[in-house]
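So the sequence shown is numbered by the working numbering: it starts at 8 and just counts up by one.
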Amino acid sequence: MKRLALVIALGLCAAAEPARPLPTAPSTPSAPSAISGTNATGFTPPVTESGRDPFSPVLVPKESVMVSPTYKPNYFKEQNITLPTTARRINKITVGYQNIDGSMAEKSVILDGDIDWHFPLRLVQDIQDFKAKEVIRRPDPTPGVERFEPYTEFVFKFTSKKLFLQTPFLIRQDIPLGSPPKIVLDFVKDTYGSFYDKSFQTALPYFKFVDIKTHEDFYRVTLTLDGKYQYQISPEKDGFWVLLQ
8 MKRLALVIAL GLCAAAEPAR PLPTAPSTPS APSAISGTNA TGFTPPVTES GRDPFSPVLV
68 PKESVMVSPT YKPNYFKEQN ITLPTTARRI NKITVGYQNI DGSMAEKSVI LDGDIDWHFP
128 LRLVQDIQDF KAKEVIRRPD PTPGVERFEP YTEFVFKFTS KKLFLQTPFL IRQDIPLGSP
188 PKIVLDFVKD TYGSFYDKSF QTALPYFKFV DIKTHEDFYR VTLTLDGKYQ YQISPEKDGF
248 WVLLQ
């Protein structure tokens, strides 16, 4: 009887005690966002090479890039300058030119010599063809000898007032000059023709000096005379005759 009363008393005490809440489970960090790549703490991990989008370029080119067009120079070749009939001597020549920075300048060269107004002055830029193949030069000719062979393609044979020029090239034009008296012969040149450059003194009457030069699209042979002569050019099978009168 006493044991039953004790059990009932303990039950009443337990019913009278208020209920306590259950403990809260510990929180776990949330998974990182798949869209922004930022985790719950706000830290953004660096993008490594393995995490980079393989389809996006590493370097992005600029949208507006100016490409300079290919410039092809228009070289000055030659210009004839005609003087009035009263001109007798040349004293100076002045050339105006443009610098690389766009500024303008002039250069004057003092000259001294008699001129013949019948013949124009010629301003020429001697442009060399660097693609040309230089031929083997022969020894310089001996002054006083009537045959000069500086190149196989240019052989000079002098006989008094006659010159036979043995050459495979065709004459493009001939130009007489007045002071000193000269005959200029221009020959047709191929695009990739050989390169010739020779000057020599003949020590002969009538024809004093011979100059052979290579220009961009022609060869030039200049015959310096010892006086003023009329001349005639007569073609032959393997060259040309230059006949002084």
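For glycine and all other residues, C-beta sits at the position ideal for the given N, C-alpha and C.
Note that the structure is a prediction, hence the values are computed from the model and not measured.
Tell me the DSSP secondary structure of residue i in three-state form.
i    : result
K138 : The predicted model places K138 with a pLDDT of 46, which falls under 50 and marks its position as unreliable, so this point remains unresolved.
D204 : coil
R129 : strand
P76  : The predicted position of P76 is uncertain, since its pLDDT is 47 and thus under 50; a value taken from the coordinates is nonetheless stated next. In the structure shown, P76 sits in coil (DSSP, three-state: anything other than H, G, I, E or B).
L230 : strand
I122 : coil
P153 : A small correction: the amino acid at residue 153 is Glu; Pro does not occupy that position in the sequence shown. It is coil, neither helix nor strand.
S110 : coil
S40  : Because S40 carries a pLDDT of 47, less than 50, the predicted location of this residue cannot be relied on, and the following value inherits that uncertainty. S40 falls in the coil class under three-state DSSP.
Give me the Cα-Cα distance between residue i and residue j, rounded to the nearest whole angstrom.
i    : j    : result
K220 : L90  : 27 Å
F165 : S241 : 15 Å
E113 : N106 : 10 Å
I100 : M111 : 17 Å
V249 : W124 : 24 Å
L192 : I182 : 7 Å
R129 : L118 : 14 Å
P187 : G246 : 26 Å
I190 : V228 : 8 Å
F171 : V131 : 27 Å
Q208 : Y104 : 36 Å
I178 : H222 : 14 Å
V102 : V116 : 9 Å
I122 : Q180 : 22 Å
L211 : N81  : 42 Å
R154 : S206 : 15 Å
T93  : G109 : 37 Å
In the DSSP assignment, find the beta strand (DSSP E) that holds residue i and state where it starts and stops.
i    : result
S241 : 238-243
Q180 : 178-184
T159 : Looking at the DSSP string, T159 is not in any beta strand (DSSP E), and its letter there is neither H nor E.
G246 : 246-251
Y104 : 96-105
D193 : 189-195
Name the one or two DSSP bridge partners that residue i has.
i    : result
F235 : Looking at the sequence provided, one finds Lys at residue 235 rather than Phe. Answer is none; K235 lacks a bridge partner.
N87  : R129
T166 : K169
K220 : R227
On the premise that residue j lies in contact with residue i, defined as a C-beta separation below 8 Å, what is that separation, rounded to the nearest angstrom?
i    : j    : result
K196 : Y226 : 5 Å
Y213 : L251 : 6 Å
K215 : D204 : Contact doesn't hold; Cβ gap of about 19 Å is too wide.
I88  : P127 : 6 Å
Is residue i near the ligand MG, going by C-beta to nearest heavy atom under 6 Å?
i    : result
D224 : By its list of ligands, the structure shown contains no ligand whatsoever, and the ligand MG lies outside what it can speak to.
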